[in-house]
Every structure is written in C-alpha cells, then in structure tokens.
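Numbering (UniProt numbering), first residue to last: 1 to 340. Every residue gets a Cβ at the ideal spot worked out from N, C-alpha and C, and that includes glycine. On a predicted model such as this, the values are computed, not experimentally measured, just so you know.
Rendered as structure tokens:
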C-alpha cells in the first residue's frame, strides 16, 4: 500500500505505521500519558518519516478533505433488527448528504475495527448494539471521529452520544395490557446477557403489574436473546404454574419461541397463553395468531443517529446526548381481550 501524502497524513496513519493504537499515538505525540520511551520514540520517528502535521490540522480527518462518509458498524447483517437499522441509516444518510458504508465487527477478539475505521477517515461512526471498550472510544475520539451508539448494551454514562427507545415505558405498557386481561399468572422472559435495555423492559413490566394488581408473583425465565433456551424453561413453567398464563418476552425472537413451545405442549394462544413481544419485527403481524408487540421505531432511531453525527461534527462539546424515541404497543390477537 503506498504511503499517504504529507497533506493527507492523519493520526490513524501514524498509529498504523507505528503498530500502536490511535490513542497511544496521540499520547506519544502530545507528551501526555505514561508510555515507554521506546514506544514514544517509535511514534515520533514515524510521524517525522511521514511528515505528519504536528499542529493538529490533520489529527483525524484533514480539514480540506470532507468525504461525507458515515460508517455503520454492526455485529451481523442477517436479522430483522439490523436490516431495519441499515434501512433507516441509509435514509438518514441520503437526507443529510452522506454516503453510508457498512462495517462488520469481526468475531476475532484481536480485531481492531476502530483502527480500520480511522484509516478510512469517515465523517462519523454509528455502532448498532455493539459495546465499545473505553479504549476503542478513546481511539476514535483521538482521531476526531464522532461516535453515536444505537441501543447501547450498557449505560454510556455521558461518554458518548446514543439513540434508543423508551424501553422502560414499553415494558410498562405491556404489563398494563396484560394486567387488564384478568390473568393472575405472569412470566417475563429476560434476555441473557442482561443488557441495559432488557433490564429496563423487565423493570417496566414488573412495575405495571404491581401498580395494577399489587403483589402478584411473576416468574422469570432467563434465555438467550435468540430464544434458543425458551422451550425447556417454558415447559417447566407450565408444569409448575399451569394456565392461563400471561407472558412478556423482552424481544420478538423469544416471543416466537413461546409460540413454538406452546405448540409442542398443545397449548392455544391466546386462550391458554397470552404473549407480548418487544421490537415489532415485520413477521409479528404475519404470525399465527398475529403477535402483540412493543414497537421500536428502529428506522427512525438510525436516521436520528445520522443527524447526531452531523451535529457532532459541527460543534465541540464534552456533553453527549442520549435521545430516546417513544415505543408503541401494537395490540393484536396473541393476547386475550381486556376485561375493563
């Protein structure tokens, strides 16, 4: 690969050539941080060899080179959630004059995707349900590349901008709906690992049941977010608690797993088991019976993430926004009718 010309040399180029992270290169050049003398000298030598501009003009994307490019980094491209995110990001990029590039987070723990992104010098990066490390966030910040998270798995604590939905309220709406059916036995299927949004959905659901019905026991089933472990746990639940039963699954995949488990056990939906999911994937309305689900405005979330990248590029601030778009309960035939 040819060396970048002096006018285009960035901090990411120096880091790559020196074999260090972007944040390490930044500390070496600024004289900050506790680095080995050997590492600092290597970075300084590479910067000199590449004629790197130490004034700061090119520490990231050069001021005279605006590619109008946004990278969307995802862990997969083959499920309904990511397809909706890609669609929304594409729409948002077009509306704001950006091109969109898709980047796959590799399963290799050694994969340094921030370095790959930094070398392409995009206008910004959007991460979909990826939990970046503090080190990775620092690398991108050192390269002056704005970062926005979609549905972060943990609370960013003001360290990075993010877009999500009202997960707690969505769970609360699901609980209110099931409580109004007259059911007395309930279960919540919590996704494992226990991500921030899953905890919020479960907490909202439990709060609604308590508000409406008082101290009613709610059985918790821990299952993989793909729903792979639901059948065995659901069978044990039915054997112990009986039916009719109201079930809130923290995503649609787990709700569909309840459909399969109910079919194996000869149970009817919604007569024996009322089911509510979360996400409102396209197949929710096509299920038999159609699935009641809490709708996440995924396309709108991705489009807003693009807008956040645009805004972050035009201002310097240590304050990062957390936007929450409202959810909506889509009532269909997988729950029995309300008695109120």
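Look at residue 248 here: in three-state DSSP terms it is strand. Contact annotation: residue 216 and residue 247 have beta-carbon atoms that are not nearer than 8 Å. In its chain, beyond the 5 residues on either side, 72, 74, 128, 150, 298, 299, 301, 302 have a beta carbon closer than 8 Å to the beta carbon of residue 85. Between residue 123 and the set 113, 146, 105, the nearest pair of CA atoms involves 146. Annotation for residue 167: 197, 200, 201 place their beta carbon closer than 6 Å to its own, counting only its chain and skipping 5 residues before and after. Counting only runs of at least 3 residues, the segment 93-164 fully encloses the following beta strand (DSSP E) elements, listed from N- to C-terminal order: 99-104, 124-128, 147-150.
Between the segment 284-294 and the segment 220-237 there are fewer than three inter-stretch CB-CB distances shorter than 8 Å, so the stretches are not counted as touching. Taking every protein chain shown into account, the CB of residue 338 has fewer than 16 other CB atoms within 10 angstroms, so this residue is exposed. Linking residue 254 to residue 213 through their CA atoms gives a straight-line distance of about 25 Å.
Restricted to the segment 200-261, the beta strand (DSSP E) segments that are unbroken, complete and at least 3 residues in length are 218-224, 245-249, listed in chain order.
Residue 185 is positioned such that its CB atom lies closer than 8 Å to that of residue 241. Counting only runs of 3+ residues, the beta strand (DSSP E) found wholly inside the segment 164-199 occupies 186-192, in chain order. Residue environment: residue 49 is assigned as exposed (fewer than 16 neighbouring CB atoms within 10 Å of its CB, all protein chains considered).
In this structure, DSSP gives residue 299 a helical state, which the three-state scheme calls helix. Sequence-distant partners of residue 205 (beyond 5 residues in either direction) whose C-beta falls short of 6 Å from its own C-beta, in its chain, are 171, 174, 175, 188, 248.
Judged by DSSP secondary structure, residue 71 falls within the beta strand (DSSP E) whose first and last residues are 69-74.
Residue 266 sits in coil when the DSSP states are folded into three classes, being neither helix nor strand. Cβ neighbours of residue 26 within its own chain (closer than 7 Å, five residues either side excluded): 11, 142. Residue 332 and residue 315 have their C-alpha atoms some 45 Å from each other. Residue 82 holds the alpha-carbon nearest to the alpha-carbon of residue 130 among 177, 95, 82. A straight line joining the alpha-carbon of residue 144 with that of residue 324 spans about 25 Å.
Put simply, of 267, 134, 328 the residue whose alpha carbon is nearest the alpha carbon of residue 22 is 134. Spatial neighbours of residue 312 in its own chain (CB-CB distance under 6 Å, excluding positions within 5 residues in sequence) are listed in chain order as 146. Only residues of its own chain outside the window of five on either side were considered, and among them 181, 270, 274 have a CB closer than 6 Å to the CB of residue 336, listed in chain order.
For residue 273, the enclosing beta strand (DSSP E) covers residues 273-279. Excluding five sequence positions before and after residue 251, the CB atoms of its chain that fall closer than 7 Å to its own CB belong to 191, 225, 277, 278, 279, given in chain order.
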